Amino acid sequence: MSIKYAILGILAEGNLHGYDLKSSFDEKVGEFWSLNYGQIYSTLDRLEKDGFVTHDREAQEKRPDRKIFRITPEGRQELTQWLATPVTRIRALRDEFFIKLVFMVKSDPAPVLALIDKQKTLHLKQMNRLTQRKLAMKNGGAGNGALVSELLIDAGLFHAEADIRWLTLCEAKIKAAIVQEK
Amino acid sequence: MIELRNAGKTYQQGSREVRALRDVSFVINKGEFLSIMGPSGSGKSTLLNLMGGLDQPTSGEVFIDSRPLHGITDNELTLIRRRRVGYIFQFFNLLPLLTAEENVGLPLLLDGLPFSEVKPRAAALLDKVGLKERAEHRPEQLSGGEMQRVAIARALITGPAVILADEPTGNLDSHTSEEIFLLLKSLNDQGQTIVMVTHDPKAAAYGSRIITLKDGAPDQDIVIGGDNP
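What follows is the structure, given as structure tokens:
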């Protein structure tokens, strides 16, 4: 699972406590991936057990100590290795939409065609938001962080485009199938 | 700004009648960045040509700045086309024997303005699209992206009411396309109305509104962004 590597990557840039870790996660990949605190803490637990992360306690006034998490040398090695390994698994068709499609096509095509329209509109709105963010970033700072964020946004745009093209094809094929049956 | 009222277009193909567009009605407001999408043969380019007066509807009406494009003489239509509409095409449509600066100035030269007056305006627009150093180059000496920048500068020189772009990056790679869209978006941010026919959702995402066509008729009219009027 790559939540683990995203957390290692964030900690490789500096020590953080859980709350800041989530903020940093949201800022970097939040557009594509949302995590709750539970997932973050359970992943941190596992990383500690594996020896990739450790923590120091920081005293707070009138509150329990808070944990500042830190990546270990083993964690860094694990991250470096992961970063150098190409991704072989293609994006799984695990979208909720796909499941809906599977169950809807057989019966009545009208709702699925309406769903496809809605899904495409949603994608287009998301693409507009991503483009706005890219524009804001281009007008803002330069530097490696900005470039990487821009490239991530581009990846999101290309994925959304592929989805829209696929949905358009679904629509055309479903309609052609209806004509054939008549 | 631009209004279509029940606009339709029927072609005669041999003995067969082809309805390229049927009963299209909508309004494009000043400052909008609108994309027109739809499958091949759905009438996108026909629609764009009607909006710019390049083609006449066989039924219904088209207005630019509240002025009808019907019931006027060919000369009047030519003037509206030349002065109020800026075109950008997929294959740039630059004249190969003219320099970048002359290509940009062409609409004004055709209007009878002296080159001495046109030259500084063309030079300023080439500067605006980032091609200051290319003013004396001919199209064959320019890259695809540069040629499209020249075409954009040419479209701007009359201060048109609207820019109509037909697959403006259909012939360009992704990175060059993005630079063209960034340029169009910055023009739109400065108030330029833009209507663009595109297959590319990434291109449409720069705009705030999308009209989709199916079989020659409008299918959906979607607002995808809130930054534009």
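Same order as they appear, the protein sequences are chains A and B. Under this note's numbering, the residue at position 166 of the first sequence is numbered 166, and the numbers go up by one with no gaps. Convert by adding 182 to the 1-based position in the second sequence; the result is the number in this note's numbering. Note that beta-carbon positions come from the ideal geometry of N, C-alpha and C, so glycine has one too. Here the structure is a predicted model, which is why all the values come from computation and not from measurement.
Could you pull out every residue in the same chain whose Cβ sits closer than 6 angstroms to the Cβ of residue i, ignoring the five residues on either side in sequence?
i                      : result
residue 132 of chain A : none
residue 74 of chain A  : 51, 52
residue 188 of chain B : 205, 207, 242
residue 347 of chain B : 270, 378
residue 331 of chain B : 311, 313
residue 259 of chain B : 235
residue 146 of chain A : 137
residue 266 of chain B : 246, 342, 343
residue 171 of chain A : 116
Taking 7 angstroms as the CB-CB cut-off, is residue i touching chain A?
i                      : result
residue 385 of chain B : no
residue 327 of chain B : no
residue 404 of chain B : yes
residue 193 of chain B : no
residue 269 of chain B : no
residue 373 of chain B : no
residue 398 of chain B : no
residue 312 of chain B : no
residue 352 of chain B : no
residue 213 of chain B : no
residue 407 of chain B : yes
Rounded to the nearest angstrom, what separates residue i and residue j at their Cα positions?
i                      : j                      : result
residue 390 of chain B : residue 313 of chain B : 28 angstroms
residue 336 of chain B : residue 254 of chain B : 26 angstroms
residue 276 of chain B : residue 30 of chain A  : 44 angstroms
residue 59 of chain A  : residue 373 of chain B : 55 angstroms
residue 221 of chain B : residue 401 of chain B : 11 angstroms
residue 24 of chain A  : residue 14 of chain A  : 11 angstroms
residue 407 of chain B : residue 399 of chain B : 23 angstroms
residue 279 of chain B : residue 321 of chain B : 8 angstroms
residue 38 of chain A  : residue 45 of chain A  : 11 angstroms
residue 42 of chain A  : residue 49 of chain A  : 11 angstroms
residue 237 of chain B : residue 231 of chain B : 5 angstroms
residue 296 of chain B : residue 290 of chain B : 8 angstroms
residue 262 of chain B : residue 299 of chain B : 21 angstroms
Report the option in the options whose CA atom is closest to the CA atom of residue i.
i                      : options                    : result
residue 117 of chain A : A/164, A/36, A/45, A/83    : A/164
residue 194 of chain B : B/329, B/240, B/404        : B/240
residue 343 of chain B : B/198, B/202, B/192, B/213 : B/213
residue 47 of chain A  : A/34, A/27, A/72, A/84     : A/72
residue 224 of chain B : B/397, B/317, B/369        : B/397
residue 268 of chain B : B/257, B/280, B/246        : B/246
residue 287 of chain B : B/338, B/262, B/248, B/266 : B/338
residue 219 of chain B : B/367, B/370, B/349        : B/349
residue 16 of chain A  : A/67, A/112, A/146, A/149  : A/67
residue 127 of chain A : B/371, B/228, B/384, B/191 : B/384
residue 414 of chain B : B/191, B/263, B/360, B/262 : Residue 414 of chain B is absent from the structure shown; chain B starts at 183 and stops at 411.
residue 215 of chain B : B/345, B/395, B/323, B/307 : B/345
residue 122 of chain A : A/167, A/35, A/55          : A/167
residue 33 of chain A  : A/150, A/55, A/54, A/3     : A/3
residue 388 of chain B : B/364, B/394, B/395        : B/364
residue 356 of chain B : A/173, A/174, A/151, A/180 : A/151
Got a sec: does the ligand GTP put a non-hydrogen atom nearer than 6 angstroms to the Cβ of residue i?
i                      : result
residue 242 of chain B : No copy of the ligand GTP occurs in the structure displayed, which carries no ligand at all.
For residue i, collect the residues of the same chain with a Cβ closer than 7 angstroms to its Cβ; drop the 5 residues on either side in sequence, then sort them by chain order.
i                      : result
residue 5 of chain A   : 79, 82
residue 405 of chain B : 390, 391
residue 12 of chain A  : 71, 76, 79
residue 250 of chain B : 243
residue 9 of chain A   : 79
residue 425 of chain B : For residue 425 of chain B there is no data in the structure shown, the boundaries of chain B being 183 and 411.
Counting contacts by CB-CB distance shorter than 7 angstroms, is residue i in contact with chain B?
i                      : result
residue 128 of chain A : yes
residue 116 of chain A : no
residue 164 of chain A : yes
residue 173 of chain A : no
residue 152 of chain A : no
With a CB to CB cut of under 8 angstroms and the five nearest residues on each side skipped, what residues in its chain are close to residue i?
i                      : result
residue 130 of chain A : 31, 153, 156, 157, 160
residue 354 of chain B : 326, 327, 330, 362
residue 135 of chain A : none
| request: Entirely within the region 325-369 of chain B and at least 4 residues each: give me those alpha helix (DSSP H) ranges in chain order. | output: 326-338
| query | Considering only residues of the region 266-295 of chain B, which uninterrupted beta strand (DSSP E) runs meet the minimum length of 3 residues and lie entirely inside it, listed in chain order? | reply | 267-270
| task | Entirely within the region 31-74 of chain A and at least 3 residues each: give me those beta strand (DSSP E) ranges in chain order. | result | 53-60, 63-71
| Sequence ranges, alpha helix (DSSP H) only - wholly within the region 105-142 of chain A, length at least 4 | 109-139
| field | Ranges of the alpha helix (DSSP H) found wholly within the region 200-247 of chain B, counting only runs of at least 4 | value | 226-233
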